[in-house]
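Visitor: Numbers in my numbering are just positions in the sequence shown, counted from 1, shifted up by 17. Yeah, the Cβ is synthetic: ideal placement off N, Cα and C, and Gly gets one too. Sharing a structure with you now.
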Amino acid sequence: MSGDWNGAWAAALDELELDVAQIETMLADEHRHAETPPASLWKPPTELGALPLELRPRADEILTRQLRAAEELGRRLTANRQQMAMTARMETGEANKRPVYVDRAM
Numbered sequence: 018m019s020g021d022w023n024g025a026w027a028a029a030l031d032e033l034e035l036d037v038a039q040i041e042t043m044l045a046d047e048h049r050h051a052e053t054p055p056a057s058l059w060k061p062p063t064e065l066g067a068l069p070l071e072l073r074p075r076a077d078e079i080l081t082r083q084l085r086a087a088e089e090l091g092r093r094l095t096a097n098r099q100q101m102a103m104t105a106r107m108e109t110g111e112a113n114k115r116p117v118y119v120d121r122a123m
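In structure tokens:
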């Protein structure tokens, strides 16, 4: 029973680790396509019981990676919003054509 329990938890951690690895890969690839399908939502297993103690270091490491990835995603979203706001303020020259006067008297 103990081997099945550890194996089930190891499989659950494999799935969770794969999800965070996909996010890390996406963050590392600056030219990732916008059509990337959304990741499926990971749901913690309910039938497994408590996490085995020997898998705790691995679970902690995955959590650390998830937190780093979430922080980086937040940073990039903020940078994206700032860039969009700056771009929105820039004039394209097509919508508002205003006269420009140059004082040549000086």
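Would leucine 35 be called buried (16 or more neighbouring beta carbons within 10 Å of its own) or exposed?
Guide: In the sequence shown, counting from the first residue as 1, residue 35 sits at position 18. Exposed is the call here.
Visitor: Are the Cβ atoms of glycine 91 and tryptophan 22 separated by less than 9 Å?
Guide: Here residue 91 corresponds to residue number 74 of the sequence shown, with the count starting at 1. Here residue 22 corresponds to residue number 5 of the sequence shown, with the count starting at 1. No, Cβ-Cβ distance for glycine 91 and tryptophan 22 is not below 9 Å.
Visitor: Whole angstroms are fine: how far does the CA of methionine 43 sit from the CA of leucine 94?
Guide: Locating residue 94 in the sequence shown gives position 77, where the first residue counts as 1. Locating residue 43 in the sequence shown gives position 26, where the first residue counts as 1. Whole-angstrom Cα-Cα distance: 14 Å.
Visitor: Taking 9 Å as the threshold (C-beta atoms), are glutamate 41 and alanine 76 in contact?
Guide: Here residue 76 refers to the residue found at position 59 when the sequence shown is read from its first residue. Here residue 41 refers to the residue found at position 24 when the sequence shown is read from its first residue. No; because the gap between Cβ atoms is not below 9 Å, this pair is not in contact.
Visitor: Have a look at Thr81, Gly24, Trp26 and flag the residue whose alpha-carbon is nearest the alpha-carbon of glutamate 37.
Guide: In the sequence shown, residue 37 corresponds to position 20, counting from 1. Note on identity: in this sequence residue 37 is valine, with glutamate being the wrong assignment. Of the listed residues, the one whose Cα sits closest to valine 37 is Thr81.
Visitor: Fully enclosed by the segment 71-121, which alpha helix (DSSP H) runs are 4 residues long or longer?
Guide: Whole alpha helix (DSSP H) segments, 4+ residues: 73-106.
Visitor: Going by C-alpha distance, which of Ala102, Leu30, Ala96 is nearest leucine 72?
Guide: Walking along the sequence shown from the start, residue 72 turns up at place 55. Taking only the C-alpha atoms, the option nearest leucine 72 is Leu30.
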